[in-house]
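*Asks:* The structure that follows is given in the form of structure tokens.
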Amino acid sequence: MPVKGKSAESLFSDMHLDILKEIGSMGTAHAATALSRMVNKKVTMPVPNVTWLDFQNVANFVGGPENIIVGIMVSLSGNIQGIMMYLMELDSAHHIAELVIGTPPPEDKLYFGEMERSVIEEVGNIMLSSYLTSIAGLTNSQIKPSIPYMCVDMANAILSVPASEFGRMADKMLFIESQISLENIKFSGCFVLVPNLHSFFRILRGLGAE
103 MPVKGKSAES LFSDMHLDIL KEIGSMGTAH AATALSRMVN KKVTMPVPNV TWLDFQNVAN
163 FVGGPENIIV GIMVSLSGNI QGIMMYLMEL DSAHHIAELV IGTPPPEDKL YFGEMERSVI
223 EEVGNIMLSS YLTSIAGLTN SQIKPSIPYM CVDMANAILS VPASEFGRMA DKMLFIESQI
283 SLENIKFSGC FVLVPNLHSF FRILRGLGAE
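Below is the structure:
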């Protein structure tokens, strides 16, 4: 997330993004192992695509600003502070919950029962924690995520939380596109990391930037 007046490209080179992609690869490998144990099935996750996106453009990657999606959000404290979210389509969230609890999804796709919410929050927690652990190792930092919070809303509404919180300091967020392959079914999702200004530069230093 760049400082106002500077572009993401001027602060992060292709090499830095390659390092972040490798960190993401490590994180997704850990996540795949943990998810596989949770659902008792083989889970594969290819190397994620990592890029910097404008706040207003992120919604286009999750079906558009008015598309209703599932978001799992954690607040970050410690040496790295900010917000991180895992976003997924409604169908993906219901399918994952179905695989874990064994009951078919409700007819109303907007409805998530207590057990479904618990499963999806735990999946989100596994995904987010795996990536945060990699970032913490890279930057030699302590990162303390909050209890995950799940919400179901339009993409713009969900993304307005980090935009309003940190948009005054920067105009981009780190976007990590990922896929989960489970029993020949692919689920698409994405991570959004929005560190505060101090944490952004700590990450930058961890990548070897001046």
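In the numbering used here, the protein residues as written are 103 to 312. Here a beta-carbon is modelled for each residue, glycine too, at the ideal position from N, C-alpha and C.
#1: Distance check for D255 and V172, CA to CA, integer angstroms please.
#2: Determine the burial state of H300: buried for a count of at least 16 other Cβ atoms within 10 Å of its Cβ, exposed for fewer.
#3: Report the option in Y213, T205, I185, V202 whose CA atom is closest to the CA atom of L192.
#4: Output the residue ranges of the alpha helix (DSSP H) runs that lie fully inside the stretch 122 to 186 and measure 4 residues or longer, sorted by chain position.
#5: Hey, how far is the Cα of E279 from the Cα of M190?
#6: With a threshold of 16 other CB atoms inside 10 Å of the CB of G184, please say whether the residue is buried or exposed.
#7: For a quick check, are the C-beta atoms of R219 and M252 less than 7 Å apart?
#8: Can you tell me whether G126 is buried or exposed? The criterion is at least 16 other CB atoms within 10 Å of its CB, across all chains shown.
#9: Hey, how far is the Cα of M103 from the Cα of S243?
#10: Take the Cβ of I203 as the centre, count every other Cβ of all protein chains shown within 10 Å, and call the residue buried at 16 or more, exposed below.
#11: If you measure between the beta carbons of A133 and S232, is that distance less than 7 Å?
#12: From what residue to what residue does the alpha helix (DSSP H) around Y233 run?
#13: Which of the three DSSP states is assigned to K106 in this structure?
#14: Going by the CB atoms, is the gap between E216 and P207 shorter than 7 Å?
#15: Report yes if the C-beta distance between P250 and E223 is below 7 Å; otherwise report no.
#16: Which partner residues of E279 appear in the DSSP bridge assignment?
#17: Ends of the alpha helix (DSSP H) at D193?
*Replies:* The answer reads as follows:
#1: Here residue 172 is taken as the residue at index 70 of the sequence shown, counted from 1. Here residue 255 is taken as the residue at index 153 of the sequence shown, counted from 1. Distance between the alpha carbons of V172 and D255: 7 Å.
#2: Reading the sequence shown from its first residue, position 198 is the one you call residue 300. By the neighbour-count definition (other C-beta atoms within 10 Å, threshold 16), H300 is an exposed residue.
#3: Your numbering for residue 192 matches position 90 in the sequence shown. Nearest C-alpha to L192: Y213.
#4: 157 to 160
#5: Residue numbering aside, residue 279 sits at position 177 when the sequence shown is read from its first letter. Residue numbering aside, residue 190 sits at position 88 when the sequence shown is read from its first letter. Each residue's Cα considered, the two are about 10 Å apart.
#6: Working through the sequence shown from its first residue, we reach residue 184 at position 82. It counts as buried.
#7: Sequence index remark: in the sequence shown, residue 219 carries index 117 (1-based). Sequence index remark: in the sequence shown, residue 252 carries index 150 (1-based). Yes. Within cutoff.
#8: Start at 1 with the first residue of the sequence shown, and residue 126 comes out as number 24. Buried: at least 16 other Cβ atoms inside 10 Å.
#9: Walking along the sequence shown from the start, residue 103 turns up at place 1. Walking along the sequence shown from the start, residue 243 turns up at place 141. Residue confidence for M103 is low, a pLDDT of 42 falling below 50, so the modelled location carries little weight; the figure read from the coordinates is stated next. Straight-line Cα distance between these residues: approximately 18 Å.
#10: Position 101 of the sequence shown holds residue 203. With fewer than 16 other Cβ atoms within 10 Å, it is exposed.
#11: Numbered from 1 along the sequence shown, position 31 holds the residue referred to as residue 133. Numbered from 1 along the sequence shown, position 130 holds the residue referred to as residue 232. Cβ atoms of A133 and S232: closer than 7 Å.
#12: The residue given as residue 233 occupies position 131 in the sequence shown. 216 to 241 is the extent of the alpha helix (DSSP H) around Y233.
#13: Within the sequence shown, numbered from 1, the residue matching residue 106 stands at position 4. For K106, the pLDDT reaches just 44, beneath the cut-off of 50, and the residue's location in the model is therefore unreliable, leaving the point undetermined.
#14: To locate residue 207, count along the sequence shown from 1; it is residue 105. To locate residue 216, count along the sequence shown from 1; it is residue 114. Not in contact: P207 and E216 (Cβ atoms no closer than 7 Å).
#15: Position 148 of the sequence shown, counting from 1, holds the residue named residue 250. Position 121 of the sequence shown, counting from 1, holds the residue named residue 223. In this structure, E223 lies closer than 7 Å to P250 by Cβ.
#16: In the sequence shown, counting from the first residue as 1, residue 279 sits at position 177. E279 pairs with N151, C292.
#17: As a position in the sequence shown, residue 193 is number 91, starting the count at 1. Boundaries of the alpha helix (DSSP H) around D193: 192 to 203.
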